[in-house]
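Notes follow the structure.
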Amino acid sequence: MRPEIEHLPGSRIREVANAAMGRDDVLAFWFGESDEVTPEPIRAAAVQSLQAGETFYSHNLGLPELRAALAAYATGLHGPIGVDRIAVTSSGVNALMLAMQLLAGAGDEVVAVTPVWPNLTAQPAILGAQVRRVPLRPVNGQWRLDVDELCAAVTPRTRVLLVNAPNNPTGWTLSRAEQQALLAHTRRTGTWILADEVYERLYFSGGCAPSFLDVAEPDDRLVVAHSFSKSFLMTGWRLGWLVLPQGGGVLDAVGKLIEFNTSCAPVFVQRGALAGLACVDSIVPGLVQHLQACRDRLVAGLQALPGVQVAAAPGGMYAFFRVPGQDDSLAFAKELVARHGLGLAPGVAFGPEGEGWLRWCFATRDLARLDLGLQRLGGALTL
Ligand SMILES: Cc1ncc(COP(=O)(O)O)c(C=O)c1O
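Spelled out as structure tokens, the structure:
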């Protein structure tokens, strides 16, 4: 085995979840997904595709009609984006891995804004790149980026700047001014920005979260990764896409990488996504409104518990909170499962910057589940 793989840490979220396997009395909020099934028109289109016998290999870069629909969708959100900049991938995590394979190899430096979903920093490590972490810091529960500190860390030696905003787990979202500053800096250093914007639609200040696509030129060194998982309630379908720079042979290069990774995304899954894009306006706004109600209910409940530090995140589907005195988040998360039947993700799963914090995914159909979870947490804190 390569040492990079041998030394790769396992998921601490899984470690907590595995401890509860087979227990149906645990209220689980540890994974980043809603308990709502995929909207019916999406499922119906996939079923129809299967019934029609669409069971074969297909285009590396995705069905031309899905790529066209994604280009139109992205254009509606961020201004003109041609179909020659779109590649369909087998999930968001696959989109990110393809982008990392495209940009960074053994010995290259990748700078990541952290804490962050662990897959993002594991991918460059798998490829043998060196990951340098630049931490967000909490100010009254809201996480903030020191742009000067980040710019100082990104030098001409840095191949990739990895930014996930809205951020999993903190909900931190980049401002337009911060994006402009980072883009200007990376243009000077020749660094690529790999922006994970899978939560762009799950944004609670109206519309879409600020995107690097809004400020970049088509030929900037910018790759944006997206997913159908979160905004279309399609986690189990495994479909995502990349927005690539125009020209420079990048699209063809990604097509080659897709061929050697997965060859193509399943056609019936793409048909489902196409149906989802066709009725996006009947899916996303309602979902966001519901998630906001979930967020507000959970955050108010957490704030009412003694000592808990938390603020309502501007985007995403998580409350990231701290219980003073509980500095070992993995041990605390395991105790919450074992003794109180409450399943949360330990903050340390997202890096050392998250230690002492816990992540609660608030995406649930049934707000009463949040209340019950809050009762269980309250019980644990007052013991
Ligand atoms: C920040 C972030 N990026 C990407 C993904 C990938 O989503 P998927 O692989 O389900 O498309 C996730 C999923 O949790 C995520 O939290």
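Here the sequence shown stands for residues 5 to 387, numbered as in this note's numbering. Every residue, glycine too, gets a C-beta built ideally from N, C-alpha and C.
Margin query: Less than 7 Å separating the Cβ of Asp200 from some heavy atom of ligand 1?
Written below: Residue numbering aside, residue 200 sits at position 196 when the sequence shown is read from its first letter. Answer for Asp200: yes, Cβ within range of ligand 1.
| request: With a threshold of 7 Å, establish whether the CB of Thr239 neighbours any heavy atom of ligand 1. | output: As a first step, residue 239 must be located in the sequence shown, where it is residue number 235. The answer is yes for Thr239.
Check: Under 7 Å from any heavy atom of ligand 1, does the C-beta of Trp390 make it?
Finding: Because the chain spans 5 through 387 in this model, residue 390 falls outside it and cannot be assessed.
Are Arg3 and Val117 touching if we call contact CB-CB under 8 Å? Any question about residue 3 goes unanswered here, given that the chain covers just 5 to 387.
Self-check item: Cβ neighbours of Ala99 in the same chain (closer than 6 Å, five flanking residues each side left out)
Solution: As a first step, residue 99 must be located in the sequence shown, where it is residue number 95. Within the same chain, Ala99 has close Cβ partners Thr93, Ala229, Gly244, Leu246.
query = Can you tell which of Phe324, Asp370, Pro328, Ala384 has the C-alpha that lies nearest to the C-alpha of Trp34?
reply = On the sequence shown, position 30 is the one that residue 34 refers to. For the residues Phe324, Asp370, Pro328, Ala384, the minimum Cα distance to Trp34 belongs to Phe324.
Which same chain residues end up closer than 6 Å to Glu37 when comparing Cβ atoms and leaving out the 5 residues on each side of it in sequence? Sequence index remark: in the sequence shown, residue 37 carries index 33 (1-based). Cβ within range, chain order: Thr239.
- prompt: If you run the structure through DSSP and keep just helix, strand and coil, what is Val20?
  reply: Residue 20 sits at position 16 when you count from the first residue of the sequence shown. Note: Val20 maps to helix in three-state DSSP.
Give a single yes or no on whether Val97 has its beta carbon closer than 7 Å to a heavy atom of ligand 1. Taking the sequence shown and counting its residues from 1, the one referred to as residue 97 is at position 93. Correct: Val97 has its Cβ closer than 7 Å to ligand 1.
Taking all protein chains shown into account, decide if Tyr322 is buried (16 or more other Cβ within 10 angstroms of its Cβ) or exposed.
In the sequence shown, residue 322 corresponds to position 318, counting from 1. By the 16-neighbour rule on beta-carbons within 10 angstroms, Tyr322 is buried.
- Query: Can you tell which of Thr368, Val273, Gly251 has the C-alpha that lies nearest to the C-alpha of Phe60?
  - Reply: To locate residue 60, count along the sequence shown from 1; it is residue 56. Of Thr368, Val273, Gly251, the residue nearest in Cα terms is Val273.
Subject >> Tyr203 - DSSP class collapsed to helix/strand/coil >> reply: Locating residue 203 in the sequence shown gives position 199, counting from the first residue. Of the three classes helix, strand and coil, the one that applies to Tyr203 here is coil, per DSSP.
| Neighbourhood of Thr177 by C-beta, 6 Å cutoff - its chain only, sequence neighbours within 5 removed | As a working mapping, residue 177 is identified with position 173 in the sequence shown. The residues are Ala169, Pro170, Ala213, Pro318, Gly319.
message = For ligand 1, I want to know if Trp121 counts as a neighbour, meaning its beta carbon is within less than 7 Å of at least one of the ligand's heavy atoms.
response = The sequence position of residue 121 within the sequence shown is 117, counting from 1. Yes, the Cβ of Trp121 comes within 7 Å of a heavy atom of ligand 1.
| query | Enumerated in chain order, which unbroken segments of the beta strand (DSSP E) with a length of 3 residues or greater are wholly contained in the stretch 40 to 108? | reply | Whole beta strand (DSSP E) segments, 3+ residues: 90 to 93.
What does the alpha-carbon distance come out to for the pair Ala78 and Gly311? In the sequence shown, counting from the first residue as 1, residue 78 sits at position 74. In the sequence shown, counting from the first residue as 1, residue 311 sits at position 307. Going by C-alpha positions, Ala78 is about 42 Å away from Gly311.
| message | One question on the structure: do Arg141 and Ala157 come within less than 8 Å of each other, judged by their Cβ atoms? | response | The residue labelled residue 141 in the question sits at position 137 within the sequence shown. The residue labelled residue 157 in the question sits at position 153 within the sequence shown. The answer is no: Cβ separation not under 8 Å.
For Lys234, count the other beta carbons within 10 Å of its own beta carbon; 16 or more makes it buried, fewer makes it exposed. Which is it? As a first step, residue 234 is located in the sequence shown; it is residue number 230 there, counting from the start. Buried, because 16 or more other Cβ atoms sit within 10 Å of the Cβ of Lys234.
Is there at least one non-hydrogen atom of ligand 1 closer than 7 Å to the beta-carbon of Gly355? Here residue 355 refers to the residue found at position 351 of the sequence shown. No, the Cβ of Gly355 stays beyond 7 Å of every heavy atom of ligand 1.
task = Answer yes or no: do Leu334 and Ala384 have a C-beta to C-beta separation smaller than 8 Å?
result = Counted from its first residue, the sequence shown places residue 334 at position 330. Counted from its first residue, the sequence shown places residue 384 at position 380. Not closer than 8 Å, so no.
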